[in-house]
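Below is one structure, written out as structure tokens, with a few remarks after it.
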Amino acid sequence: MTAWIILLIVIAAFATLLLLLLWMIAPRRKKPDWSALSGYDYAHRGLHAADQSVPENSLAAFRRAVENGYGIELDIQLTADQQVVVFHDATLKRVCGIDRPLCEFTLQQLQEIPLAGTAERIPLFADVLALVKGRVPLIVEIKHYHQKLLLCQKAAALLDDYDGAFCIESFHPLIVQWFKKNRPAVIRGQLAENYNRSKSLSPIAGFLAGNLLSNFLARPDFIAYRFSHRERAALWVCCDWLHAQRVYWTLHSAEELQAAHHEQAIGIFEHFCPKPHLPADGGKTNGL
Numbered sequence: 042m043t044a045w046i047i048l049l050i051v052i053a054a055f056a057t058l059l060l061l062l063l064w065m066i067a068p069r070r071k072k073p074d075w076s077a078l079s080g081y082d083y084a085h086r087g088l089h090a091a092d093q094s095v096p097e098n099s100l101a102a103f104r105r106a107v108e109n110g111y112g113i114e115l116d117i118q119l120t121a122d123q124q125v126v127v128f129h130d131a132t133l134k135r136v137c138g139i140d141r142p143l144c145e146f147t148l149q150q151l152q153e154i155p156l157a158g159t160a161e162r163i164p165l166f167a168d169v170l171a172l173v174k175g176r177v178p179l180i181v182e183i184k185h186y187h188q189k190l191l192l193c194q195k196a197a198a199l200l201d202d203y204d205g206a207f208c209i210e211s212f213h214p215l216i217v218q219w220f221k222k223n224r225p226a227v228i229r230g231q232l233a234e235n236y237n238r239s240k241s242l243s244p245i246a247g248f249l250a251g252n253l254l255s256n257f258l259a260r261p262d263f264i265a266y267r268f269s270h271r272e273r274a275a276l277w278v279c280c281d282w283l284h285a286q287r288v289y290w291t292l293h294s295a296e297e298l299q300a301a302h303h304e305q306a307i308g309i310f311e312h313f314c315p316k317p318h319l320p321a322d323g324g325k326t327n328g329l
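To get my numbering, take the position in the sequence shown, counting from 1, and add 41.
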């Protein structure tokens, strides 16, 4: 009898743990309308060139994406004077050759710095929205480098007045949670990857993030996972069982994009041209 009691306790403990894990990684229960966002492939940081002759996250790259009928993925952060600009890295070193954080520069100072040695400059998010004008959908990644909650407020205010399809995503669950609390109608996504070899997070934080165990904070609508890391049980459970939308980044070939589509994922690509979803006013495909 004692053995049976112990077995029942073990089974009950295991079932409780399993239910807790499912609760932690579950997405939003009520599914949003994806019709304006689906059917597109998304150009990573705009339709930029591998040699940066058309720089990433530039107005030129976004213009090319619109002309070719691709959705756009882009990154936003704050300047020293609290302007919302479109730029990926925390520092200007890789793209502009200046080893200082972007958040130490004012917008006026940034306008004097070329993007990758071209005539392009780091654009205001408002200027990108004015350029796109709702012609293609946007995936807006909100960076967590500097004043992340103020960035949420300012980005939300700009997007409130934007007449076009968009969703937001972030690696930081508190940013996604901010939209859950303050803009619940906005489609929101949790970015993630396998952090086992990452130096950016502690082992515990990496385990939680990589296995989507912070989803209970924000209840995301989609999971944007690094394509090469996608063989994770948590991702399968969250998307295939609990029905979150899959988004894969970053795809570098037609074969990878085809694999993403086979798994019903939205693809974020760069440095090649998939078959475009042409906008209502037409478009033309340019090589990279």
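Glycine included, each C-beta is placed from N, C-alpha and C at the ideal position.
In this text, all values refer to a predicted model and were calculated from it rather than measured experimentally.
Does the beta carbon of G251 come closer than 9 Å to any beta carbon on chain B? Chain labels in this structure do not include chain B; a single protein chain is all it has.
In angstroms, rounded to a whole number, what distance separates the CA positions of H270 and T43? Locating residue 270 in the sequence shown gives position 229, counting from the first residue. Locating residue 43 in the sequence shown gives position 2, counting from the first residue. Near 44 Å, if we compare the C-alpha coordinates of T43 and H270.
Reducing DSSP to helix, strand and coil, say where D201 ends up. Walking along the sequence shown from the start, residue 201 turns up at place 160. The answer is helix: DSSP assigns D201 an H, G or I state.
Identify, in the order they occur along the chain, each residue of the same chain with its Cβ nearer than 6 Å to the Cβ of Q124, setting aside the five sequence neighbours on each side. By 1-based counting over the sequence shown, the position of residue 124 is 83. Counting only Cβ-Cβ distances below 6 Å, and skipping sequence neighbours, we find L148.
Measuring straight from C-alpha to C-alpha, what distance separates N235 and F268? Along the sequence shown, read from residue 1 onward, the residue named residue 235 stands at position 194. Along the sequence shown, read from residue 1 onward, the residue named residue 268 stands at position 227. N235 and F268 have their alpha carbons spaced roughly 10 Å apart.
CB of F166 within 9 Å of CB of A196, strictly: Translated into positions along the sequence shown, residue 166 becomes position 125. Translated into positions along the sequence shown, residue 196 becomes position 155. Note that the C-beta distance between F166 and A196 is below 9 Å.
Outcome for H85 when other beta-carbon atoms lying within 10 angstroms are tallied against a minimum of 16: Here residue 85 refers to the residue found at position 44 when the sequence shown is read from its first residue. Of the other Cβ atoms in all chains shown, 16 or more fall within 10 Å of the Cβ of H85; this residue is therefore buried.
Rounded distance between the beta-carbons of L253 and Q231, thought under 8 Å: Taking the sequence shown and counting its residues from 1, the one referred to as residue 231 is at position 190. Taking the sequence shown and counting its residues from 1, the one referred to as residue 253 is at position 212. The pair is a contact, with the Cβ atoms about 7 Å apart (cut-off 8 Å).
On the DSSP letters alone, give me the boundaries of the alpha helix (DSSP H) that W277 sits inside. The residue you call residue 277 lines up with position 236 of the sequence shown. Element bounds for W277: 274-277.
Since Q305 contacts R287 with CB under 8 Å, what's their CB separation in whole angstroms? Taking the sequence shown and counting its residues from 1, the one referred to as residue 305 is at position 264. Taking the sequence shown and counting its residues from 1, the one referred to as residue 287 is at position 246. Beta-carbon to beta-carbon, Q305 and R287 are separated by about 6 Å, close enough to satisfy the 8 Å threshold.
Alpha carbon to alpha carbon, how far is I117 from A171? Give it in angstroms, no decimals. Within the sequence shown, residue 171 is the residue found at index 130, counting from 1. Within the sequence shown, residue 117 is the residue found at index 76, counting from 1. Going from the Cα of A171 to the Cα of I117 covers about 15 Å.
C-beta atoms of D122 and L133 nearer than 9 Å: Here residue 122 is taken as the residue at index 81 of the sequence shown, counted from 1. Here residue 133 is taken as the residue at index 92 of the sequence shown, counted from 1. No, they are not a contact pair.
For I52 and S241, the rounded distance between their alpha carbons: On the sequence shown, position 200 is the one that residue 241 refers to. On the sequence shown, position 11 is the one that residue 52 refers to. C-alpha separation (whole angstroms): 37 Å.
Given this structure, state the Cα-to-Cα distance separating C144 from T291, to the nearest angstrom. Numbered from its first residue, the sequence shown carries residue 144 at position 103. Numbered from its first residue, the sequence shown carries residue 291 at position 250. So the alpha carbons of these two residues sit roughly 26 Å apart.
For H80, which of helix, strand or coil comes out of DSSP? As a position in the sequence shown, residue 80 is number 39, starting the count at 1. For clarity, residue 80 is Gly in the given sequence; the question names His instead. In the structure shown, G80 falls within a coil segment according to DSSP collapsed to helix, strand and coil.
DSSP state of G328, grouped into three classes? In the sequence shown, residue 328 corresponds to position 287, counting from 1. Reliability of the predicted coordinates at G328 is poor, the pLDDT of 37 falling under 50, and the value obtained from them is presented with this limitation in mind. In the three-state reduction of the DSSP assignment, G328 falls in the coil class, being assigned neither a helical nor a strand state.
Contacts around D92, its chain only, beta-carbon distance under 8 Å, and the 5 residues preceding and following it disregarded: As a first step, residue 92 must be located in the sequence shown, where it is residue number 51. Excluding positions up to five away in sequence, the list is empty.
Would you say E210 and R229 are within 9 Å of each other, going by their C-beta atoms? Here the question's residue 210 lines up with position 169 in the sequence shown. Here the question's residue 229 lines up with position 188 in the sequence shown. At the C-beta level, E210 and R229 come within 9 Å of one another.
Checking 9 Å against the spacing of the C-beta atoms, do L100 and V126 come in under that value? Reading the sequence shown from its first residue, position 59 is the one you call residue 100. Reading the sequence shown from its first residue, position 85 is the one you call residue 126. No. Outside cutoff.
In whole angstroms, give me the CA-to-CA distance for L98 and T159. On the sequence shown, residue 98 is found 57 positions in, with the first residue counted as 1. On the sequence shown, residue 159 is found 118 positions in, with the first residue counted as 1. Note that residue 98 is Asn in the sequence shown here, rather than Leu. Going from the Cα of N98 to the Cα of T159 covers about 13 Å.
9 Å Cβ cutoff met for L249 and V169: By 1-based counting over the sequence shown, the position of residue 249 is 208. By 1-based counting over the sequence shown, the position of residue 169 is 128. Not a contact, by the Cβ cut-off of 9 Å.
Measuring alpha carbon to alpha carbon, tell me which of L59, A67, L49 ends up nearest D281. Within the sequence shown, residue 281 is the residue found at index 240, counting from 1. Selection L59, A67, L49 evaluated against D281 yields A67 as nearest (Cα-Cα).
Assigned exposure category for D74 - 16 Cβ within 10 Å defines buried: To locate residue 74, count along the sequence shown from 1; it is residue 33. D74 comes out exposed.
Note down the Cα distance separating A285 from G308, rounded to an integer number of angstroms. The residue labelled residue 285 in the question sits at position 244 within the sequence shown. The residue labelled residue 308 in the question sits at position 267 within the sequence shown. Between A285 and G308, the alpha-carbon positions lie close to 15 Å from each other.
Return the chain-ordered list of same chain residues with a C-beta closer than 8 Å to the C-beta of L119, the five sequence neighbours on each side being excluded. For the purposes of this step, residue 119 is taken as the residue at position 78 of the sequence shown. Same-chain partners within the cutoff: V125, V126, C144, H187, Q188, L191, L192, K195.
Quick check on DSSP: helix, strand or coil for F103? The residue given as residue 103 occupies position 62 in the sequence shown. Note: F103 maps to helix in three-state DSSP.
Close-in-space but distant-in-sequence residues of the same chain around I163 (CB under 6 Å, 5 per side omitted): As a working mapping, residue 163 is identified with position 122 in the sequence shown. So the qualifying residues of the chain are V126, F128, L151.
Other residues of its chain near L258: CB distance less than 6 Å, five sequence neighbours each side excluded: Residue 258 sits at position 217 when you count from the first residue of the sequence shown. Scanning its chain for C-beta atoms nearer than 6 Å, with the 5 sequence neighbours on each side dropped, one finds around L258 the residues P214, Q218, in chain order.
Under a Cβ-count criterion, where at least 16 other Cβ atoms within 10 Å of its own Cβ denotes burial, should A295 be classed as buried or exposed? Position 254 of the sequence shown holds residue 295. Here A295 is exposed: its Cβ has fewer than 16 other Cβ atoms, across all protein chains shown, within 10 Å.
Would R69 pass as a contact of R273 if the rule is Cβ separation under 9 Å? As a first step, residue 69 is located in the sequence shown; it is residue number 28 there, counting from the start. As a first step, residue 273 is located in the sequence shown; it is residue number 232 there, counting from the start. With respect to the 9 Å criterion, R69 and R273 are not classified as neighbours on the basis of their beta carbons.
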